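Undergrad: The structure follows.
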Amino acid sequence: MDEAALTQMVTSLVPTMSRSLAEQFNVFRVMHHGTHEKQLSNVFAWLLRADATHHLGDTFQRILLSRVNSALPPSEQLPLTGFRVLQEVDTTIASAPGKDIADIVLLRDDAAVMIENFETSDGHGHDYENYRTYGSANGRRSVVVMLCAREERQRLSMGWEDAVVITYAEVLGDLRAHLDANRRWRTDNPRQDAFINEFVDQFVEGPQAMTLHDQLTFIKTMCETGESARYGRRPNDVVAKEFAEQIAQHAQRQFEDGRRTLGSVKRSLRQHADRVVRRRVNELLGGEAVRSVSANYQGQWEWSSTLVTADGEPNIFLEFGPTAVTENERAPEPVSHPDYSRVFVTRQAGAGIDRIVQTDVTLEEVLAGLSPDDNRLVLVVVSLVGGTDR
Numbered sequence: 004m005d006e007a008a009l010t011q012m013v014t015s016l017v018p019t020m021s022r023s024l025a026e027q028f029n030v031f032r033v034m035h036h037g038t039h040e041k042q043l044s045n046v047f048a049w050l051l052r053a054d055a056t057h058h059l060g061d062t063f064q065r066i067l068l069s070r071v072n073s074a075l076p077p078s079e080q081l082p083l084t085g086f087r088v089l090q091e092v093d094t095t096i097a098s099a100p101g102k103d104i105a106d107i108v109l110l111r112d113d114a115a116v117m118i119e120n121f122e123t124s125d126g127h128g129h130d131y132e133n134y135r136t137y138g139s140a141n142g143r144r145s146v147v148v149m150l151c152a153r154e155e156r157q158r159l160s161m162g163w164e165d166a167v168v169i170t171y172a173e174v175l176g177d178l179r180a181h182l183d184a185n186r187r188w189r190t191d192n193p194r195q196d197a198f199i200n201e202f203v204d205q206f207v208e209g210p211q212a213m214t215l216h217d218q219l220t221f222i223k224t225m226c227e228t229g230e231s232a233r234y235g236r237r238p239n240d241v242v243a244k245e246f247a248e249q250i251a252q253h254a255q256r257q258f259e260d261g262r263r264t265l266g267s268v269k270r271s272l273r274q275h276a277d278r279v280v281r282r283r284v285n286e287l288l289g290g291e292a293v294r295s296v297s298a299n300y301q302g303q304w305e306w307s308s309t310l311v312t313a314d315g316e317p318n319i320f321l322e323f324g325p326t327a328v329t330e331n332e333r334a335p336e337p338v339s340h341p342d343y344s345r346v347f348v349t350r351q352a353g354a355g356i357d358r359i360v361q362t363d364v365t366l367e368e369v370l371a372g373l374s375p376d377d378n379r380l381v382l383v384v385v386s387l388v389g390g391t392d393r
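Residues 4 to 393 (the working numbering) make up the sequence shown, in order.
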C-alpha cells in the first residue's frame, strides 16, 4: 500500500475506530454486575438449572459436564445431566472451625460437581479437600471444578492443582455457538437471548469491535483503497496482523505529524494575535483593552492563545483543534455544526466560558500567515470584549 492509500485509509477509519473504542452499552456494565463472584455465580446457576426461565432445559449442564469430562480419563466420566443445582454450600466438616463455602454444587445420587467460581484460577483460601470430600459423601463420584475468567496455572496450589479448570470463555463460547444454531429458540426467547449476549459480551468477548454499519463501512473503505485483496489471503491471522501493524505504524506517524502541525498553528496564531489582533482591538476600543497575549496552557487547553484583558474584564481565547472541541462540549450554547478546520473564539466566565464563536479563519490560512489587514478575528474579539455581544 502506497503512502497516499495509507493516509486515505487511516483517515477514513478514524471515526469507525473511535466509536469502537468507546464504551458501549451493556446492562452488566450499567449495574456494575459481576464485580463480585456471587453475582456471576447467580447467573451461572440460573443457566445450569434445567427448569429455569431461560427455556434451554439442560443445555448448559451438558455443556459444562462435557468440558469437565474432557479433562477426565474415560473411566471417570460423569453423567451429562440430571443434576440438582445448589448455591453457597458449606463444605466444612462438623469438627472444623468456620465455614468453607462452595459457590455452586451440582448434585446427583451418584455424582457431584463442586464448583469454585473466581476471577482467576486461584483457590484463594478455600480447602480443596473439603470440597472433594463433601462431594464424595454417600459414595458419589466427586469432581472439583475451578470456574474462572482467566486460567493461571501458577496460582493453583494446596490441592487446587488437581481441580478441573474451566474458563468462562470455554463454556459461554459453547453456549453461544449452540444458540447461534438454534433460530427457533432465539425467535421464541428474544429477551433471554439478549441477556445471554450481554453476559457473553461483558465477561468473555468484551465490547464488539464494530457495529454492523461500521463493519460495512470498513469493508467499503478496504475496497476503495485497493486493500480488499487481503480478504483472499491465508492464513487469516497472519494477514490480519500484517495489516494491523502497517496501519498502526502509519497512524502513529500521522498522529505525530498532526501534533507538529498543531504546534505550528499555535505559533502562527499567537504571533498574529500579538502583532495584529491585540493592536487593532486596542485601537478600536481605546486604551489597553487587551494587555498581553500568552500561550502557556498545556493538556486539553494547549491549542489556544489567551488575550489577557484589563482588570475586571473576562479574558478572550483564540482556540482551535482539540481545545476547540473541549470548549464546545462545555459551552452553554455550543456551535451546533462545528467545523474544526477553523479558529474559534471564546470568552471566559469564571472557571468556564459563556460564549463560543466559530470564525471564518481556517487553520490553513493561519499556517500560510494571515495578512496584517485581516480583521476577521479582530471583529469577533471586539464584539466579545466590547460588550456588543452581551
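No residue lacks a Cβ here, since even glycine has one placed at the ideal position from N, Cα and C. Predicted model only: the values in this text are computed from it and were never measured.
Cutting at 6 Å between CB atoms, please list the residues of its own chain near L279, excluding the five before and the five after it.
TA: Locating residue 279 in the sequence shown gives position 276, counting from the first residue. Residue 279 is actually Val in this sequence, not Leu. Closer than 6 Å at Cβ, skipping near neighbours: P375.
Undergrad: Which residue marks the beginning of the alpha helix (DSSP H) containing S374, and which one marks its end?
TA: Taking the first residue of the sequence shown as position 1, residue 374 is located at position 371. Element bounds for S374: n/a, residue is neither H nor E.
Undergrad: Could you have a look at L83 and say whether DSSP puts it in helix, strand or coil?
TA: As a position in the sequence shown, residue 83 is number 80, starting the count at 1. Coil at L83, not helix or strand.
Undergrad: When DSSP builds the beta bridges, which residues end up paired with S145?
TA: Within the sequence shown, numbered from 1, the residue matching residue 145 stands at position 142. In DSSP, S145 forms a bridge with A115.
Undergrad: Please work out which residues of its chain come closer than 8 Å, Cβ to Cβ, to F206, disregarding the five sequence neighbours upstream and downstream, and give them in chain order.
TA: Counting from one through the sequence shown, the residue named residue 206 turns up at place 203. If we look at F206 and ignore the five residues flanking it on each side, its Cβ neighbours are F31, G37, L43, A152, Y171 and L175.
Undergrad: Could you tell me the distance, in whole angstroms, from the CA atom of A197 to the CA atom of D183?
TA: Indexing the sequence shown from 1 puts residue 197 at position 194. Indexing the sequence shown from 1 puts residue 183 at position 180. Using only the alpha carbons, I get a separation of about 12 Å.
Undergrad: Check whether the Cβ atoms of E322 and E332 sit closer than 9 Å, and answer yes or no.
TA: Working through the sequence shown from its first residue, we reach residue 322 at position 319. Working through the sequence shown from its first residue, we reach residue 332 at position 329. Taking 9 Å as the Cβ cut-off, E322 and E332 do not qualify as a contacting pair.
Undergrad: State buried or exposed for L310, treating a residue as buried only when at least 16 other CB atoms are found within 10 Å of its CB.
TA: Within the sequence shown, the letter at position 307 stands for residue 310. So L310 ends up on the buried side.
Undergrad: Within 10 Å of its beta-carbon, does F258 have 16 or more other beta-carbons around it, so buried, or fewer, so exposed?
TA: The residue labelled residue 258 in the question sits at position 255 within the sequence shown. Its Cβ having fewer than 16 others within 10 Å, F258 is exposed.
Undergrad: What does a CB cutoff of less than 7 Å around V384 pick up in its chain, not counting 5 residues either side in sequence?
TA: As a working note, residue 384 is residue 381 in the sequence shown. V280, V284, L310, I319 and V348, listed in sequence order.
Undergrad: Buried or exposed: V381, going by 16 or more other Cβ atoms within 10 Å of its Cβ?
TA: Taking the first residue of the sequence shown as position 1, residue 381 is located at position 378. Label assigned to V381: buried.
Undergrad: To the nearest angstrom, report how far apart S308 and S339 are at their CA atoms.
TA: Numbered from 1 along the sequence shown, position 305 holds the residue referred to as residue 308. Numbered from 1 along the sequence shown, position 336 holds the residue referred to as residue 339. Whole-angstrom Cα-Cα distance: 23 Å.
Undergrad: Please classify S69 as buried or exposed, where buried requires at least 16 neighbouring CB atoms within 10 angstroms.
TA: The residue you call residue 69 lines up with position 66 of the sequence shown. Looking at its Cβ environment, which holds fewer than 16 other Cβ atoms inside 10 Å, S69 is exposed.
Undergrad: I need the straight-line Cα distance from V296 to E336, nearest angstrom please.
TA: Position 293 of the sequence shown, counting from 1, holds the residue named residue 296. Position 333 of the sequence shown, counting from 1, holds the residue named residue 336. The alpha-carbon atoms of V296 and E336 are separated by roughly 26 Å.
Undergrad: If the criterion is Cβ atoms closer than 9 Å, does the pair H129 and D103 meet it?
TA: Counting from 1 along the sequence shown, the entry for residue 129 is found at position 126. Counting from 1 along the sequence shown, the entry for residue 103 is found at position 100. Going by C-beta atoms, H129 is nearer than 9 Å to D103.
Undergrad: Going by beta-carbon coordinates alone, are F246 and R233 separated by less than 9 Å?
TA: Taking the sequence shown and counting its residues from 1, one reaches residue 246 at position 243. Taking the sequence shown and counting its residues from 1, one reaches residue 233 at position 230. Yes. Within cutoff.
Undergrad: Have a look at T365 and R379 and give me their C-alpha separation to the nearest angstrom.
TA: Stepping through the sequence shown from its first residue, residue 365 is reached at position 362. Stepping through the sequence shown from its first residue, residue 379 is reached at position 376. Spanning the two alpha carbons is a distance of roughly 11 Å.
Undergrad: So for A298, helix, strand or coil by DSSP?
TA: Your numbering for residue 298 matches position 295 in the sequence shown. It is coil, neither helix nor strand.
Undergrad: Please classify T38: does DSSP put it in a helix, a strand, or coil?
TA: For the purposes of this step, residue 38 is identified with residue 35 of the sequence shown, where counting begins at 1. With a pLDDT of only 49 at T38, under 50, the local geometry of the prediction cannot be trusted, and no value is derived from it.
Undergrad: What separation, rounded to the nearest whole angstrom, lies between the Cα atoms of R270 and G290?
TA: The count along the sequence shown starts at 1 and reaches residue 270 at position 267. The count along the sequence shown starts at 1 and reaches residue 290 at position 287. Answer to the nearest angstrom: the Cα atoms are 26 Å apart.
Undergrad: Reducing DSSP to helix, strand and coil, say where T94 ends up.
TA: Taking the sequence shown and counting its residues from 1, one reaches residue 94 at position 91. Residue state, collapsed to three classes: coil.
Undergrad: What is the DSSP secondary structure of G229, reduced to helix, strand or coil?
TA: Taking the sequence shown and counting its residues from 1, the one referred to as residue 229 is at position 226. Residue state, collapsed to three classes: coil.
Undergrad: Report, in whole angstroms, the separation of the C-beta atoms of L81 and A114, which I expect to be a contact under 8 Å.
TA: Position 78 of the sequence shown, counted from the first residue, corresponds to residue 81. Position 111 of the sequence shown, counted from the first residue, corresponds to residue 114. Indeed, because the Cβ distance is near 5 Å, the residues count as touching under 8 Å.
Undergrad: Which residues mark the beginning and the end of the beta strand (DSSP E) in which V279 is found?
TA: Translated into positions along the sequence shown, residue 279 becomes position 276. Here V279 belongs to no beta strand (DSSP E), and DSSP marks it neither H nor E.
Undergrad: Compare the Cα-Cα distances from T326 to each of R345, D191 and D204 and report the closest residue.
TA: Against the sequence shown, residue 326 aligns to sequence position 323. Comparing Cα positions, the closest option is R345.
Undergrad: So who's on the other strand from E322, going by DSSP bridges?
TA: The residue given as residue 322 occupies position 319 in the sequence shown. Paired residues: S307 and F347.
Undergrad: For L109, which option in V168, V147 and P193 has the closest C-alpha, if you only look at C-alpha atoms?
TA: Locating residue 109 in the sequence shown gives position 106, where the first residue counts as 1. Nearest option by C-alpha distance: V147.
Undergrad: So, helix, strand or coil for V268, using DSSP?
TA: Residue numbering aside, residue 268 sits at position 265 when the sequence shown is read from its first letter. Of the three classes helix, strand and coil, the one that applies to V268 here is helix, per DSSP.
Undergrad: Could you give the distance in angstroms between the alpha-carbon of P210 and the alpha-carbon of D112?
TA: Residue numbering aside, residue 210 sits at position 207 when the sequence shown is read from its first letter. Residue numbering aside, residue 112 sits at position 109 when the sequence shown is read from its first letter. Because P210 sits at a pLDDT of 49, beneath the cut-off of 50, its placement in the model cannot be relied upon, and the following sentence gives the value as read from the coordinates. Those two C-alpha atoms are separated by around 41 Å.
Undergrad: I'd like to confirm the pairing. Which residues does DSSP put opposite Q361 in its beta bridges?
TA: By 1-based counting over the sequence shown, the position of residue 361 is 358. Partner(s): F347.
Undergrad: Can you name the start and end residues of the alpha helix (DSSP H) that L159 belongs to?
TA: As a first step, residue 159 is located in the sequence shown; it is residue number 156 there, counting from the start. Counting along the chain, L159 falls outside any alpha helix (DSSP H), and DSSP gives it neither H nor E.
Undergrad: Per DSSP, what are the beta-bridge partners of N133 in this structure?
TA: The residue you call residue 133 lines up with position 130 of the sequence shown. The partner list for N133 (beta bridge, DSSP) is empty, contrary to what the question assumes.
Undergrad: Looking only at C-alpha atoms, which of L219, L67 and M225 sits nearest to L150?
TA: Taking the sequence shown and counting its residues from 1, one reaches residue 150 at position 147. Out of L219, L67 and M225, L67 has the C-alpha closest to the C-alpha of L150.
Undergrad: Output needed for G60: all residues of its chain with C-beta closer than 7 Å, excluding positions within five of it in sequence on either side, in chain order.
TA: Numbered from 1 along the sequence shown, position 57 holds the residue referred to as residue 60. So the list reads A53, once near-sequence residues are dropped.
Undergrad: I'd like the list of long-range same chain contacts for R65, defined as Cβ closer than 8 Å, with 5 residues on each side in sequence excluded.
TA: Position 62 of the sequence shown, counted from the start, is the residue given in the question as residue 65. Result list for R65: L83 and T84, in chain order.
Undergrad: With DSSP run on the structure shown, which of helix, strand or coil describes V388?
TA: Within the sequence shown, numbered from 1, the residue matching residue 388 stands at position 385. It is helical.
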